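Visitor:
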Amino acid sequence: MESLLATISVTVGLGSLWRFPTLAYNNGGSAFLLPYLVCMLLFGLPMLYLEMVMGQCSNYGPTKLYALCIPALEGELHLFQRSPIHSNYDCNSTGLGWAMTIISLTVSVYYCVIVAWSFLYLFNSIVGGSSLWGKCNNKWNDICT
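Structure follows, in structure tokens:
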């Protein structure tokens, strides 16, 4: 049960929660739900567990892990191994591992902004006397009810 909850917490993010209702509505509502769940159970969950097991058993990060498991994805830096310019680079890294790392960094920076706005609204709604969304005196909203 703990592994299942940890897996759900890793996979379900803000993007999934925001995007899923739109995907379901645009693609047929409940008719979309069954193929979506089947694909998630057949492809998504096994790939997630495969990636977690590979990292757990090898004790490597994604940059080195994919070079060891899939040698065809190994970078081209081995051609410049003796060059003084490229002497500091790891020759056993892959673009796939680095892409995963950069995407994770980018998404975490994006989510920090969303969390900051959420905390700002939470703080203002608790501490502030009136809520920001309770007023109707802004320049852009001249039609108020």
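Here the sequence shown stands for residues 1 to 145, numbered as in our numbering. Beta carbons are placed, not taken as given, at the ideal position from N, Cα and C, and that holds for glycine. Since the model is a prediction, treat every value here as computed from it, not as a measurement.
By DSSP, does residue 83 sit in helix, in strand, or in coil?
Guide: By 1-based counting over the sequence shown, the position of residue 83 is 83. In this prediction, residue 83 has a pLDDT of 49, which is less than 50 and means its spatial position is unreliable; what the coordinates show is noted afterwards. Reduced to three states, the DSSP call for residue 83 is coil.
Visitor: Whole angstroms are fine: how far does the CA of residue 50 sit from the CA of residue 79?
Guide: Looking up residue 79 in the sequence shown gives position 79. Looking up residue 50 in the sequence shown gives position 50. Because the pLDDT of residue 79 is 47, which lies under 50, any placement of that residue in the model is unreliable, and the question is left without a value.
Visitor: Do three or more CB pairs link the stretch 50-59 to the stretch 24-32 at distances below 8 Å?
Guide: Counting Cβ pairs under 8 Å, fewer than three are found: no touch.
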